[in-house]
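Visitor:
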Amino acid sequence: MIGAVTKTMRTPADTLDREAPATRVRYKVLAFIIAAYMITYLDRVLLSASVPSIQHEFGYSLVSVGWLLGSYQIAYALFQIPGGWLGDRLGPRIALAAVVLWWSAFTAITALTWSAASMAVCLFLFGMGEAGAFPIANRALSRWMLPSERALAQGSTHAGSRLGGAMTPFIVVLLIGLYGWRMPFFIFAAIGVIWALLWYRFYRDTPGEHRLVNAAERDRISRALGDGRGRGRVPWRRILRNPQMWRLSAMYFCYGYNIGIFLAWFPKYLNAARGFELEQMGIFASLPLLAGFIGDLSGGFTSDLILKRTGNVKLARRSVSFFGFLLTAVTVPLACVEPDPFVSVGFFCLAVFGLELTVGVSWAVTLDIGGDFAGSVSAVMNTLGNVGAALAAALTGYLVTASGWGMAFGVIAGLALLAALLTMTVDASKPLFGPADGNVEEA
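All residue numbers for the sequence shown refer to my numbering, where the first residue is 123 and numbers rise by one.
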């Protein structure tokens, strides 16, 4: 009887809206997130690509450069969980716009620093803001993307970051040649401000709040994800006590350390160990990140394809990650012993391709197991990943000074093998929260 009454109360416009083809606003949301990821890596790789010029002007040692890069990475690691909490608590519309404006301001201020201490402080504050980007963006996708689209969506976002990172050395070298190393920091900061304003205007925290989403798309998302439970207190105790959370995070620590070396040190390696000039460095430092771009898309696509064909989310996530980490473990040693610098870069491209096969899958797992608290779950995982990246940035200078570049890259191979083993212990079919948990409240 109630259903019959409800049916008669529908307006003709509502009926037409439901019968119309579903809109695809969620893909526009995804496009915004991809652009945000590109901007994070424009700014991040801007720093490492500028290192030779900054080092030349200020005369910093390799150890000093390591601590400058480490100051960013330390803040980036420390503020992952606060960033994820902010996104879960305030909603991604406000939280993501705020953190992008914050780090864009400090991107510009970096160009005004005058000493190692001032630059370290500025880079710490820059990293503090950028720390929230990925967890909050993950929370933004959690209420929009269907389960069968998650790995490809995550692969696409990280592909955007790698594409941004791949373009950056070439663009930065060009701008440094024309205007000096400071100008790119101002230009990239302006790009972030523009994105933040557009995001705030377009995005809504749920499909039901967005005027461009019709009933057909809204119903499709609601059937797959539910209607959302609001912004309850984040159940940190349950998240942090779950063994699977720590296995996933340990795996991502290995990933974070490995990709951290490529992001922070690879341009310097090409210049110092392989003899590439500044112009060559700009081109060849981009190639592994372009390979990573392909890896991100391939990993996400393959994982979702396996899921659609088998219905087995555990197999879909594990198989792709295991293969990717194993590929990295094999190709990095080959790259180090190869005497031809161009062939060596080719092996490094395969290594980063393997690493990036895994990253979209890892973030898809946080959506699979995290539900409405995906921002906080991904923040824990990404905290460990960025502890790894911070260690890579700070320790590599010591390792290279003491034992050479071979030792620094040997660590990558070992951690990739460990990550391949860890990924076989992660079960994406086991959510951290059951359907009855609802709006979890904890003291």
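Backbone N, C-alpha and C define an ideal beta-carbon position, used for all residues, glycine too. This structure is a prediction, so every number in the text was calculated from the model and none was measured.
I need the straight-line Cα distance from Ala-524 to Ala-514, nearest angstrom please.
Guide: Reading the sequence shown from its first residue, position 402 is the one you call residue 524. Reading the sequence shown from its first residue, position 392 is the one you call residue 514. Rounded to the nearest angstrom, the two C-alpha atoms are 15 Å apart.
Visitor: Note down the Cα distance separating Asn-393 from Arg-166, rounded to an integer number of angstroms.
Guide: Here residue 393 refers to the residue found at position 271 when the sequence shown is read from its first residue. Here residue 166 refers to the residue found at position 44 when the sequence shown is read from its first residue. Their Cα atoms are separated by approximately 19 Å.
Visitor: So Ala-199 and Ala-512 are in contact, right, with Cβ under 8 Å, and what is the actual spacing, rounded?
Guide: Position 77 of the sequence shown, counting from 1, holds the residue named residue 199. Position 390 of the sequence shown, counting from 1, holds the residue named residue 512. Confirmed, Cβ separation roughly 5 Å.
Visitor: At the level of alpha carbons, what is the spacing between Leu-268 and Leu-347?
Guide: Locating residue 268 in the sequence shown gives position 146, counting from the first residue. Locating residue 347 in the sequence shown gives position 225, counting from the first residue. Between Leu-268 and Leu-347, the C-alpha separation is close to 7 Å.
Visitor: Taking the C-alpha atoms as reference points, what is the distance between Gln-177 and Tyr-379?
Guide: Here residue 177 refers to the residue found at position 55 of the sequence shown. Here residue 379 refers to the residue found at position 257 of the sequence shown. So the two alpha carbons sit approximately 23 Å from each other.
Visitor: Leaving aside the five residues before and after Ala-318 along the sequence, list all residues of the same chain whose C-beta is less than 6 Å from its C-beta, in chain order.
Guide: Start at 1 with the first residue of the sequence shown, and residue 318 comes out as number 196. The answer, listed in chain order, is Ala-219, Val-222 and Leu-223.
Visitor: By a C-beta neighbour count over all protein chains shown, 10 Å radius and 16 as the cutoff for buried, is Leu-362 buried or exposed?
Guide: For the purposes of this step, residue 362 is taken as the residue at position 240 of the sequence shown. By the 10 Å Cβ count, Leu-362 comes out exposed.
Visitor: Roughly how many whole angstroms lie between the Cα atoms of Val-243 and Met-305?
Guide: Along the sequence shown, one-based indexing puts residue 243 at 121. Along the sequence shown, one-based indexing puts residue 305 at 183. Those two C-alpha atoms are separated by around 20 Å.
Visitor: My assumption, with CB atoms under 8 Å, is that Pro-190 sits in contact with Gly-287. Please give the rounded CB distance.
Guide: Taking the sequence shown and counting its residues from 1, the one referred to as residue 190 is at position 68. Taking the sequence shown and counting its residues from 1, the one referred to as residue 287 is at position 165. The amino acid at residue 190 is misidentified as Pro; the sequence shows Leu. The Cβ separation is near 19 Å, so there is no contact.
Visitor: Assign Asp-327 to one of two classes, buried (16 or more other C-beta atoms within 10 Å of its C-beta) or exposed (fewer than that).
Guide: Position 205 of the sequence shown, counted from the first residue, corresponds to residue 327. It is buried - the Cβ of Asp-327 has at least 16 other Cβ atoms within 10 Å.
Visitor: Under the rule that 16 or more other beta-carbon atoms within 10 Å means buried, what is Met-123, buried or exposed?
Guide: Locating residue 123 in the sequence shown gives position 1, counting from the first residue. In this prediction, Met-123 scores a pLDDT of 41, lower than 50, which makes its location untrustworthy; the coordinate-derived value is nonetheless stated afterwards. Exposed, by the Cβ-count rule.
Visitor: Measuring alpha carbon to alpha carbon, tell me which residue in Thr-432, Val-481, Ala-230 and Arg-215 is nearest Ile-155.
Guide: For the purposes of this step, residue 155 is taken as the residue at position 33 of the sequence shown. The residue with the shortest Cα to Cα distance from Ile-155 is Arg-215.
Visitor: Classify Leu-300: buried if its beta carbon has 16 or more other beta carbons within 10 angstroms, exposed otherwise.
Guide: The residue given as residue 300 occupies position 178 in the sequence shown. Exposed, because fewer than 16 other Cβ atoms sit within 10 Å of the Cβ of Leu-300.
Visitor: Classify Ala-407 as helix, strand or coil using the three-state DSSP reduction.
Guide: As a working note, residue 407 is residue 285 in the sequence shown. In the structure shown, Ala-407 sits in coil (DSSP, three-state: anything other than H, G, I, E or B).
Visitor: Consult DSSP for Ser-328 and reduce its assignment to one of helix, strand or coil.
Guide: On the sequence shown, residue 328 is found 206 positions in, with the first residue counted as 1. With the sequence shown as reference, residue 328 is identified as Thr, and Ser is not the correct amino acid for it. Note: Thr-328 maps to coil in three-state DSSP.
Visitor: Kindly indicate which three-state DSSP category Val-356 falls into: helix, strand or coil?
Guide: The residue labelled residue 356 in the question sits at position 234 within the sequence shown. DSSP places Val-356 in coil when its eight states are reduced to three.
Visitor: If contacts are defined as beta-carbon pairs under 8 Å, then Val-483 and Ala-337 qualify, I think. What distance do you get, rounded to the angstrom?
Guide: One-based indexing of the sequence shown puts residue 483 at position 361. One-based indexing of the sequence shown puts residue 337 at position 215. Not a contact, Cβ separation roughly 33 Å.
Visitor: Under a three-way DSSP split, which group does Tyr-194 fall into?
Guide: Taking the sequence shown and counting its residues from 1, the one referred to as residue 194 is at position 72. Of the three classes helix, strand and coil, the one that applies to Tyr-194 here is helix, per DSSP.
Visitor: How many Å lie between Gly-352 and Ala-413 at the Cα?
Guide: In the sequence shown, counting from the first residue as 1, residue 352 sits at position 230. In the sequence shown, counting from the first residue as 1, residue 413 sits at position 291. Bear in mind that a pLDDT of 49 at Gly-352, under 50, signals an unreliable position, so the number given afterwards is only what the model happens to contain. Distance between the alpha carbons of Gly-352 and Ala-413 is about 39 Å.
Visitor: With DSSP collapsed to three states, give me the class of Pro-365.
Guide: Indexing the sequence shown from 1 puts residue 365 at position 243. Pro-365 falls in the helix class under three-state DSSP.
Visitor: Excluding the 5 residues preceding and the 5 following Arg-340 in the sequence, name in chain order all residues of the same chain whose CB lies nearer than 8 Å to its CB.
Guide: Here residue 340 is taken as the residue at index 218 of the sequence shown, counted from 1. Answer for Arg-340: Pro-329 and Gly-330, listed in chain order.
Visitor: How is the alpha helix (DSSP H) around Pro-553 delimited, first residue to last?
Guide: For the purposes of this step, residue 553 is taken as the residue at position 431 of the sequence shown. Segment: none, Pro-553 is in no alpha helix (DSSP H) and carries neither H nor E.
Visitor: With Ala-230 and Phe-180 assumed to form a contact (beta carbons below 8 Å), what rounded beta-carbon distance in angstroms separates them?
Guide: Here the question's residue 230 lines up with position 108 in the sequence shown. Here the question's residue 180 lines up with position 58 in the sequence shown. Not quite, the Cβ-Cβ distance comes to about 19 Å (not below 8 Å), so this is no contact.
Visitor: Going by the beta-carbon positions, is the gap between Ala-255 and Ala-158 smaller than 8 Å?
Guide: If you number the sequence shown from 1, residue 255 lands on position 133. If you number the sequence shown from 1, residue 158 lands on position 36. Result yes, Cβ atoms of Ala-255 and Ala-158 sit closer than 8 Å.
Visitor: Which parts of the region 205-249 are runs of the beta strand (DSSP E), unbroken and 3 residues or longer, counting only runs that do not cross its ends?
Guide: If we require 3 residues or more, the region 205-249 turns out to have no beta strand (DSSP E) run fully inside it.
Visitor: Taking only the alpha-carbon atoms, compute the straight-line gap between Gly-497 and Ser-344 and give it to the nearest angstrom.
Guide: Counting from one through the sequence shown, the residue named residue 497 turns up at place 375. Counting from one through the sequence shown, the residue named residue 344 turns up at place 222. The alpha-carbon atoms of Gly-497 and Ser-344 are separated by roughly 19 Å.
Visitor: Are there three or more Cβ pairs, one per stretch, closer than 8 Å when the region 528-539 is compared with the region 415-427?
Guide: Contact fails: fewer than three Cβ-Cβ distances are below 8 Å.
Visitor: Quick one: using the 10 Å Cβ neighbour count with 16 as the cut-off for buried, is Arg-148 buried or exposed?
Guide: Your numbering for residue 148 matches position 26 in the sequence shown. So Arg-148 ends up on the buried side.
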